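Quick notes on the structure that follows.
Numbering (our numbering), first residue to last: 17 to 257.
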């Protein structure tokens, strides 16, 4: 699923030959015009989006003004899924094999940004139809082959923050591995480092003792190493005494 108001302008109209080939071959569209001059799109009859009416922001509905929604047209096997209220194609959809592919895939591409659609009911209705088209309608959540909901590595942060001597740093990991916490002062000197073993995927935490440090702002980073990857994320903590 791809959406944006200047993708066609950048890749097809202004892009290199490589950009143009990618746009037309993999996004299955051809750029037609820079500005549809409207803020409304409707589902094409006979498409997965039939019956939908979508309004996107002119700058007065809480996101930003979509000044130049791309007018596009289907190409290389795609079909029109959405049209602007003045008739130009606003979105395309595709089902089939992409170049060098061995399995069929699906694509939905819109010439205006999904996040600017209002109200939430219209956004939800569109996404529901996209999910249905992708064949995911009956899935309550994406799952790993072992049936578990997947985690990505994420440094949640520390609480409390600001803190007085003691704080807890929380994070989640996708697998077992080694985790290193490094704390720095503002000049960039490392004032603390500790490595622990994480025995399983899921939510974890480290208790940090800053009683030997002076009050101030301390950037910190967490480095997670598993059998498959290395992930690094950073945040800041504030020590007040």
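Built from N, CA and C at the ideal position, the CB exists for glycine as well. If you're wondering where the values come from, they're calculated on a predicted model, not measured in any experiment.
Using three-state DSSP, classify residue 147 as helix, strand or coil.
Helix at residue 147.
Within the same chain, show all residues whose beta-carbon is closer than 6 Å to that of residue 138, passing over the 5 residues directly before and after it, in chain order.
Once the five neighbours on either side are set aside, the close Cβ partners of residue 138 are 70.
Strictly by DSSP, which residues pair up with residue 213?
According to DSSP, which records beta bridges pairwise, residue 213 is partnered with 194.
Kindly indicate which three-state DSSP category residue 47 falls into: helix, strand or coil?
DSSP places residue 47 in strand when its eight states are reduced to three.
Going by DSSP, which residues form a beta bridge with residue 248?
Residue 248 is bridged to 239.
In chain order, which alpha helix (DSSP H) runs of at least 4 residues are fully inside the segment 19-63?
The segment 19-63 contains these whole alpha helix (DSSP H) runs: 33-42.
Entirely within the segment 80-104 and at least 3 residues each: give me those beta strand (DSSP E) ranges in chain order.
DSSP runs (the beta strand (DSSP E)) wholly in the segment 80-104: 87-90 and 95-100.
Give the secondary structure of residue 174 by DSSP, where H, G and I count as helix, E and B as strand, and everything else as coil.
DSSP places residue 174 in strand when its eight states are reduced to three.
Tell me which same chain residues have a C-beta within less than 6 Å of the C-beta of residue 239, skipping the five on either side of it?
Closer than 6 Å at the Cβ level, and outside the excluded window around residue 239, lie 196 and 248.
What separation, rounded to the nearest whole angstrom, lies between the Cα atoms of residue 177 and residue 229?
The straight-line gap from Cα to Cα measures roughly 15 Å.
In three-state terms, what does DSSP make of residue 139?
If DSSP states are grouped into helix, strand and coil, residue 139 belongs with the helices.
Candidates 122, 236 and 78: which alpha carbon is nearest residue 171's?
Ranking 122, 236 and 78 by Cα distance to residue 171 puts 236 first.
Helix, strand or coil: how does DSSP classify residue 69 here?
It is a strand residue.
Comparing C-alpha positions only, which one of 173, 202, 140 and 179 sits nearest to residue 188?
Comparing Cα-Cα distances from residue 188 to each of 173, 202, 140 and 179, the minimum goes to 173.
Give me the DSSP bridge partner(s) of residue 185.
In the DSSP output, where bridge partners are listed per residue, residue 185 has 174 and 222.
Strictly by DSSP, which residues pair up with residue 233?
In DSSP, residue 233 forms a bridge with 254.
Return the Cβ separation of residue 80 and residue 73 in integer angstroms, given the expectation that the two are a contact with Cβ distance under 8 Å.
Contact holds; Cβ gap of about 6 Å.
Among the residues of its own chain, which have a CB less than 6 Å from the CB of residue 149, if the five just before and after it don't count?
The answer, listed in chain order, is 64.
Hey, how far is the Cα of residue 37 from the Cα of residue 121?
Computed Cα separation, rounded: 18 Å.
According to the Cβ coordinates, are residue 134 and residue 124 closer than 8 Å?
Not in contact: residue 134 and residue 124 (Cβ atoms no closer than 8 Å).
Applying the criterion that 16 or more other CB atoms from any shown protein chain within 10 Å of the CB defines a buried residue, is residue 199 buried or exposed?
By the 10 Å Cβ count, residue 199 comes out buried.
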